[in-house]
Amino acid sequence: MTDVAVPITTRKDWASDQEVRWCPGCGDYSILAAIQMLLPELGVRRENTVFVSGIGCAARFPYYMNTYGMHSIHGRAPAIATGLAVTRPDLDVWVVSGDGDALSIGGNHLIHALRRNVNIKILLFNNQIYGLTKGQYSPTSEQGKVTKSTPFGSLETPFNPISVALGAEATFVARTHDMDRKHMQEMFRRAHAHRGAAIVEIYQNCNVFNDGAFNAITGRDNRADMLIPLEHGQPIRFGADGQRGVAMPADGRLQLVDVAEVGEDAVLVHDEARDDPGLAFALSRLSRGPFEPTPIGVFRDVQRPEYGDGMARQLVDAQERKGPGDLASLLASGGTWTVG
Amino acid sequence: MSTVIPRQTKELDRVVVRFAGDSGDGMQLTGSQFTTVSSLFGNDTATLPDFPAEIRAPAGTLAGVSAFQVHISDHDILTPGDAPNVLVAMNPAALRANIGIMAAGGTVIVNSDAFDERSLDKAGYEANPLGDGSLASFTVYEVPMTSLTMEVGKEVGVKPRDAERSKNFFALGLVSWLYSRPVEPTLDWIAKRFAGRDDVREVNARAFKAGYHFGETAELFDSNYQVRPAPAEPGTYTNVTGNTALAWGLIAAAQQAKLPLFLGSYPITPASDILHELSKHKNFGVRTLQAEDEIAGIGTAIGAAFGGSLAVTTTSGPGLDLKSEALGLAVNLELPLVVVDIQRGGPSTGLPTKTEQSDLLHAMYGRHGESPVPIVAARTPSDCFGAAVEAARIAVTYRTPVILLSDGYLANGSEPWHLPDLADLPAIDAAFATEPNHTDDEGNPVFWPYERDPETGARPWAVPGTPGLEHRIGGLEKAHGSGTVSYDTMNHERMTHERADKIAGIARGIAPVEVDDPGGVGGAPVLVLGWGSTYGAIAAGVRRVRARGLAVAHAHLVHLNPFPANLGDVLRAYPTVLVPETNLGQLARLVRAEYLVDARPVSKVQGLPFRAAEIEAAVLQALGTDTSVHGDEGDVAS
Ligand code: SF4
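So the sequences go chain by chain: A and B.
The working numbering numbers the first residue of the first sequence as 516 and each following residue consecutively.
The working numbering numbers the first residue of the second sequence as 605 and each following residue consecutively.
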């Protein structure tokens, strides 16, 4: 709110005095650390930063940040954050949510916040399970998942959060995971720099109720072969030596290929800025779940007018057209008559 | 236009006119213009729009009938009138749906062109009521409005089908002549409203004049009428509906508080007009957001409140259901928020376009946990302005969500409003926190978000962007003072009391309830206690009882939670307390529980407001007097 230089801060300045109460070993710790270490680098002020959450393990996040924050009710954080962001464009508003919070009870708010392109940054902690309520399947749990509420296996097709976000007209969509702080920070930094709604799906390990859900792709020894890094303008390649890649043959279906076999020119070049979300969507469908080679990085980053800016512009336009509001004239606007 | 001297002009002190037709016939427009002209002329007016839930129910059916009732008078009136003296029926269904409520010996003007076999059949008439003697107790005028309007259309050269749509203006012209209304204001209004659509404007204007001339020249009517202006306090007046007044009240409150106004709302009948009205006034810095659902309506408002706006969400019963959880959050967050509930018939979807006062207990108790919320209720359409300011004043002063109750009757009804002196609006002080308010164990200044104001019990409102006051709020129970998460059970009990005491303490800052009792408080044997939109009917009913030489008192509540501090004493001063409500006795239940008094409910749940005669009858019965109430005598002067 002021022009004075942003004070230099360290991670400690961003941590509140509250004891962090996630289960020991929970992936949430590394996400919290990634954010607390990143914010001093972004040149932002604590007083202008707000974390809004709903309900779930992840939703405790605001209590651990020495910023403004609100731990609200289940699923509603995107709506609350929308009201804050459109009335206070000077703030950085982050939403911290989980797979149940964002995609089940709060699904409606999530898609509409994305579609409106409100300037909020949504961190979706996806652990594919309900943690706080002690282990029921979630809308991202794999079909057949055996949990307390599905002793004979879940019957449901899971949501793919990236596909959902792209279908909801999101302008910034990315995926990262809790085992790679640098990658997380890069995604958060990009989300922060984006003017409009940004959503980052974070594969997060719940070591109590769904331990190892992402091991097959995020384990230290598996990453090279199982994570497909998306980099704008670069051929989409993975494997320790980049020996594998993604290609789009004439039938339009994406395929994993050996680069040596198809030739370097046949490897698809990633274009996150493409207005048509079709390719980003195809990339989001490349993997059926975190057991196959899975893309991470920025799927889509396009510019569209930000909702709060549009709202503010209408106010300015109206004032230019009609002058600032005058209450007495408003009350008389329907026609008056005078007695006596 | 020239004015032919009518055969005879008779003086009336008041008249109730009901315009009725198909939903597509423009009856609401016709009725409200007749009201505006009458208000401008100086009459006192009160209106009752009565329309179906369907946008276009099948044409010509009873379900599709839309009506607008207006009461005009040469003295101060309080209700839209119990029984219409004049019915304008544009088709058989409109006649059939409304004839039953007509005053005995009333006048019926029908569009005779519409009484063909097919239309009669659709309305469920076996024989044509115009010919079978069933209307013998009324004075019936048959006017071929459709064909006369189509004639007018020919002159202008528009297609007959388009011209036919202007027949409501013919009706408006005819009734304007019948009651000697000035024609210029309506012609001006037509010119303005249909500017840019030359054909439509021309046909409407000509149809209006044709209707007026028809009254003058056709030998049908042997006289017309005059209702003189009502004496009114000197000042400037306008005609306003409840929803418009409410929207303006919110704008006024935001100005008083020097806060930007934010509305998060999902469309719902009968509240949507507030969203429409506020959306027009962006030059006042008003932000409106049409949310994805009712929950997001209140959710966005809570976010805006956290950020320092005067935040509002508007809805009706079904939406209030959906907002309950978020409202509980706002109770815990202790942030200012105004929740407007324009009540309608329930439960569930109920009667979307009909009025009811059945959400009082919901407003009072409709949340889990001990979750007190102040409640303010508007009593007349124009009073919605002041009620909105008062709701906002309480919300901001005490950092609490406030429920403002209005209803379908107030929302769409209109009345002349003596414009307030803006200098008299109450001060509202947002008083944002700017500095730490506590010292920690090491002597450092810190900010405690739940350190309360000793007088009001309100917590500080520190908005993001204020350096040094960073804090976290949320739905989990908070430690008193410091506001950190606390599962301590004794702290929970303390905080539960702090929240309850804060709301109860609002009573110290509100005016005592006024009692209208000519004999002084306790003078009359019966007190009628009301709240909200029953005001007009109760006040008119009480006047009627007094006109019989009997004593009765009236008190009307603006604040339903907390009650004014003197309410218990007032109630105990009367051996009999009647509580008329358009519900099954919700306020009666609250005052019985609170004060152990034998308050007796007087109920009506027909989707319509009370009539003055119904209140009169209830009071007479309580007084043990002859209960025969004669037809409609209208509002007697006070
Ligand atoms: S239950 Fe799972 S997600 Fe929740 S804190 Fe424990 S490990 Fe983390």
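C-beta atoms are modelled at their ideal positions from N, C-alpha and C, and glycine is treated no differently.
These numbers were taken from a predicted model, which means no experiment stands behind them.
For Val608 of chain A, there is no enclosing alpha helix (DSSP H); the residue is found in the beta strand (DSSP E) stretching over 607-613. Between Val610 of chain A and Ile637 of chain A, the C-beta spacing is below 7 Å. The closest heavy atom of the ligand SF4 lies 6 Å or more from the beta carbon of Gly838 of chain A. DSSP places Gly907 of chain B inside the alpha helix (DSSP H), whose first and last residues are 898-910. Just so you know, the alpha carbons of Gly1012 of chain B and Arg705 of chain A end up roughly 49 Å apart.
Of the heavy atoms belonging to the ligand SF4, at least one sits nearer than 6 Å to the Cβ of Asp543 of chain A. Here DSSP, grouped into helix, strand and coil, assigns Ser545 of chain A to helix. With a threshold of 7 Å between beta carbons, Ala1034 of chain B makes no contact with chain A. Assignment of beta strand (DSSP E) within the segment 836-903 of chain B, counting only whole runs of 3 or more residues, yields 839-845, 865-869, 891-894 in chain order.
Taken atom to atom, the span from the alpha-carbon of Ala739 of chain A to that of Gly760 of chain A is near 12 Å. Residue state for Trp781 of chain B is assigned as helix, using DSSP reduced to three classes.
Look at Pro555 of chain A here: in three-state DSSP terms it is helix.
For Glu1220 of chain B, the secondary structure class from DSSP, reduced to helix, strand or coil, is helix. If the five residues before and after Gly1145 of chain B are omitted, its C-beta is found closer than 6 Å to the C-beta atoms of Ala1216, Ile1219, Glu1220, all from its own chain and listed in chain order. Within the same chain, Ala628, Val633 come within 6 Å of Thr597 of chain A by CB-CB distance, once the 5 residues on both sides are set aside. Residues of the segment 616-640 of chain B with a C-beta atom less than 8 Å from some C-beta of chain A are Thr640, listed in chain order. Against chain A, a Cβ distance below 8 Å from Tyr841 of chain B picks out Thr851, Trp852, Thr853, Val854.
Sequence-distant partners of Arg1150 of chain B (beyond 5 residues in either direction) whose C-beta falls short of 7 Å from its own C-beta, in its chain, are Val1156. Going by beta carbons, Ile743 of chain A and Pro808 of chain A fall inside the 7 Å limit. Counted as a single uninterrupted DSSP element, the stretch harbouring Ala740 of chain B is not any alpha helix (DSSP H), since DSSP gives it neither H nor E.
Our two residues, Gly970 of chain B and Ile855 of chain B, have alpha carbons roughly 28 Å apart in a direct line. Beta-bridge annotation (DSSP): Gln770 of chain A is paired with A:Ala762. Ser799 of chain A and Leu681 of chain A do touch by the CB rule: their CB atoms are close to 6 Å apart, below 8 Å. For Gly950 of chain B, the closest alpha carbon among the candidates B:Asp925, B:Gly668, B:Gly1085, B:Leu1194 is that of B:Asp925.
In chain A, no part has a C-beta under 8 Å from the C-beta of Trp1052 of chain B; the shortest such distance is about 13 Å. Ranked by Cα distance from Thr851 of chain A, the first of B:Gly839, B:Leu955, B:Tyr1002, B:Val712 is B:Gly839.
With its beta carbon less than 7 Å from one in chain A, Ala856 of chain B belongs to the interface.
Contact check for Leu845 of chain A and His885 of chain B: beta-carbon distance about 7 Å, within the 8 Å limit, so the pair qualifies. Between Glu1055 of chain B and Asn1041 of chain B, the gap from beta carbon to beta carbon is short of 7 Å. Annotation: the continuous alpha helix (DSSP H) that includes Trp529 of chain A extends over 526-529. Within chain A, Val601, Thr602, Met826, Leu830 have C-beta atoms less than 8 Å from the C-beta of Arg891 of chain B, given in sequence order. Chain-ordered, the chain A residues with CB closer than 8 Å to the CB of Asn887 of chain B read Leu830, Ala833, Gln834, Arg836, Lys837, Gly838, Pro839, Gly840. Using a Cβ distance threshold of 7 Å, Ile1032 of chain B and Ala861 of chain B count as a contacting pair. Closest in alpha carbon position to Ile550 of chain A, among A:Arg526, A:Gly571, A:Trp537, is A:Arg526.
For Leu1026 of chain B, at least one C-beta of chain A is nearer than 7 Å to its own C-beta. Residues of chain B whose Cβ lies closer than 8 Å to the Cβ of Arg803 of chain A do not exist, since the nearest Cβ in that chain is about 30 Å away.
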